[in-house]
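Residue numbers (the working numbering), protein chains in the order written: chain A, 2 to 393; chain B, 986 to 1300.
Cβ atoms here follow ideal geometry from the backbone N, Cα and C, with glycine treated the same way.
Everything on this sheet refers to the single structure shown next.
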């Protein structure tokens, strides 16, 4: 007890040295622990989302890009497919297709164009307002509502794809009609719109005054008996209202309209196997990926990287321990007079050893306490940290 | 021994009574909610599903369902339905402007999609010289070809049977009865037209394309509304059309204005209502309305066959 008291007084007297030692030990301990916590959380999040998504259909290419875009709405848009692929799945009678078009953003949050089936599939619940009903409406995730401070009745503007795209499509002012209950997933950070609204954002579906009846003849370049050619002066509506919704129309065949991916929910295992067989060869321009396998592959890579990191941390830890030993050895030399005094007042070699051991124990305990505190503080944010650092 | 038999009988009676009392409850819980976009589909679905489904067509009676726009509350009701029966062929354009659960949509006319009639004469437009110019429409009163109507009914049977496979036999029997009725209309319509196959006819509105194609009607359409008196330009176009197409009868979707009837008569054209029945009729059902339509057409073709006009004014 005396040894502990003396060690404590000594450490308290040499504050700077003690603080440096505690920080060194804390850092070397907290790094692998924090990494472990974050990796465990990322594994949980990635696998939970991937495991609940049976199959993903997308263009041939990187299955990882496809999975990250379709599952976590990552910025990287995979090569696009068309609605014809969706129709092929629907008419096969083997599965329910849930199309996704994740390409645009609104105030840095991804706009997810999909159908109402998505909400049922993910078990998403409307906390405020109502479900999507009309073109131009959006339902926002809990994080979007919280961070942007918006809710039902407010509006949200889509962001242009390129800042200086002067010939691009005007941003669409979307009406927020619902806020989703928190789902603790990528859905919290998304702006959901109907697939057709996503095409309006792109300009594929649009509305404008009736050019066959319009009073401003300057917007007409050419007029024949069965066709009117309008110039770029023809203003397209940037907000869909009850007054102009009827003027919104498709150009071209809806079958050719783009999707970034499609969630495929087979009727049963047999249907899933049959479908996967259809997309196996090199002929179909699509790939049917099993998200769980893709994400497990990604996790395997992450864990390989973690093993390397662990090795690096181990080496750094050994170096730190050696440095600590050196610090203590040097401090023994510096403390020769103190040690002599201990001998003079009747202390033995073991007393000196106990004093030093007590100092080490106190430093290690302080570092462990700080470490636990750090991990405890980080834990509630690990969900968000993982999404920001690894997924988004 | 007698006591035991009596107890067994009592138990049986109680069991039967219990089943009778709980059956409606079970059936109500099991009942499908089906929404449709027009009246013919509602009629077909209700005939096929019987008491196993509540079939709803929520459009007000005074609107044309093809051009109706439901409000948010009605759209929410569609979203909650177990099945939403669409007509296809571009009918009910509002469907393209709202969010509906795709997995519960049934395009009933998908089986005849290859036979859709593309309408002509629609002014198209484009944005800049390089763009697409297509706004072409599709004729959408598919059920006026009664064989196509039977295909639509079959699509409804399949969709309902998928959701309630335990009653598939009942649905099949009901669908067969409906198909017989529709094919009887088809046969009768062919027989009517065969009395005077080349009889020139006029339609007040371009909604009879499938009827004309299936039954080989010599039919030309103008663009009039029953409740609006045609303007001078429309009469001029009508007179020009009449020169090339000397019809004695005009088919109307609904009761026309007396002024329209009178003026048509001055041109030697009688009026007849052939109700496409897109919306729910005030009285009767789809079959009764179609039977009335056919009865009227029969008189037109027979009157033409005998070379005379049988009645002044509207039929």
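Per DSSP, which residues does residue i bridge with? Please list them.
i, result
"residue 1237 of chain B", "B:1258"
"residue 1092 of chain B", "B:1071"
"residue 240 of chain A", "A:174"
"residue 193 of chain A", "A:113, A:140"
"residue 1122 of chain B", "B:1104"
"residue 97 of chain A", "A:266"
"residue 158 of chain A", "A:174"
"residue 1188 of chain B", "B:1206, B:1236"
"residue 135 of chain A", "B:1083"
"residue 102 of chain A", "A:114"
"residue 260 of chain A", "A:82"
"residue 287 of chain A", "A:60"
By Cβ distance below 7 Å, which residues in the same chain neighbour residue i in space, the five residues on each side in sequence not counted?
i, result
"residue 275 of chain A", "95"
"residue 44 of chain A", "300"
"residue 1090 of chain B", "1069, 1071"
"residue 33 of chain A", "311, 314"
"residue 1098 of chain B", "1073"
"residue 1182 of chain B", "1201"
Under three-state DSSP, which class holds residue i?
i, result
"residue 1172 of chain B", "helix"
"residue 1203 of chain B", "strand"
"residue 201 of chain A", "helix"
"residue 81 of chain A", "coil"
"residue 1210 of chain B", "coil"
"residue 342 of chain A", "helix"
"residue 60 of chain A", "strand"
"residue 151 of chain A", "coil"
"residue 1277 of chain B", "helix"
"residue 1020 of chain B", "strand"
"residue 181 of chain A", "strand"
"residue 1292 of chain B", "For residue 1292 of chain B, the pLDDT reaches just 41, beneath the cut-off of 50, and the residue's location in the model is therefore unreliable, leaving the point undetermined."
"residue 1218 of chain B", "helix"
"residue 126 of chain A", "coil"
"residue 281 of chain A", "coil"
"residue 1042 of chain B", "coil"
"residue 249 of chain A", "coil"
"residue 206 of chain A", "strand"
"residue 1077 of chain B", "coil"
"residue 107 of chain A", "strand"
"residue 943 of chain B", "Examination of residue 943 of chain B is not possible in this model, given that chain B is present from 986 through 1300 alone."
"residue 15 of chain A", "coil"
"residue 254 of chain A", "coil"
"residue 349 of chain A", "coil"
"residue 1287 of chain B", "helix"
"residue 272 of chain A", "helix"
Starting from the C-beta of residue i, find all residues in its chain whose C-beta is less than 8 Å away, skip the five residues before and the five after it, and write them out in chain order.
i, result
"residue 1148 of chain B", "1017, 1067, 1068"
"residue 83 of chain A", "256, 257, 258, 259, 260"
"residue 7 of chain A", "356, 359"
"residue 60 of chain A", "67, 79, 80, 81, 82, 286, 287, 288"
"residue 1155 of chain B", "1035, 1037"
"residue 1243 of chain B", "none"
Among the residues of its own chain, which have a CB less than 6 Å from the CB of residue i, if the five just before and after it don't count?
i, result
"residue 1275 of chain B", "1170"
"residue 1259 of chain B", "1236, 1278"
"residue 182 of chain A", "126, 128"
"residue 202 of chain A", "105, 159, 173"
"residue 1043 of chain B", "1059"
"residue 195 of chain A", "133"
"residue 1134 of chain B", "1128, 1167"
Query raised in the report: Three or more C-beta pairs closer than 8 Å, one from the segment 123-130 of chain A and one from the segment 284-296 of chain A: is that the case here?
Result: no
Query raised in the report: Between the segment 137-147 of chain A and the segment 190-199 of chain A, do three or more beta carbon pairs fall short of 8 Å?
Result: yes
Query raised in the report: Are there three or more Cβ pairs, one per stretch, closer than 8 Å when the segment 100-111 of chain A is compared with the segment 265-274 of chain A?
Result: no
Requested in this report: Spell out a yes or no on whether the segment 1193-1212 of chain B and the segment 1154-1167 of chain B are touching, meaning 3 or more CB-CB pairs, one atom from each, closer than 8 Å.
Outcome: Verdict: no, contact absent.
Report task. Could you tell me whether the segment 1137-1147 of chain B touches the segment 1209-1226 of chain B, where touching means 3 or more Cβ pairs closer than 8 Å? Result -> no
Report task. Would you check if there are 3 or more beta carbon pairs closer than 8 Å linking the segment 1069-1078 of chain B to the segment 1040-1060 of chain B? Result -> A contact exists between the segment 1069-1078 of chain B and the segment 1040-1060 of chain B.
Query raised in the report: Quick check: the segment 1231-1250 of chain B against the segment 1180-1189 of chain B, are there 3 or more CB pairs under 8 Å?
Result: yes
Requested in this report: Assess, as a yes-or-no matter, whether the segment 340-351 of chain A is touched by the segment 368-382 of chain A under the definition of 3 or more beta carbon pairs within less than 8 Å.
Outcome: With the cut-off at 8 Å, the segment 368-382 of chain A and the segment 340-351 of chain A do not touch.
Query raised in the report: So does the segment 171-179 of chain A actually touch the segment 239-257 of chain A, counting three or more Cβ pairs closer than 8 Å?
Result: yes
Query raised in the report: Is the segment 149-165 of chain A in contact with the segment 178-186 of chain A, if contact means three or more CB pairs nearer than 8 Å?
Result: yes
Query raised in the report: Three or more beta-carbon pairs under 8 Å between the segment 294-314 of chain A and the segment 40-54 of chain A, yes or no?
Result: yes
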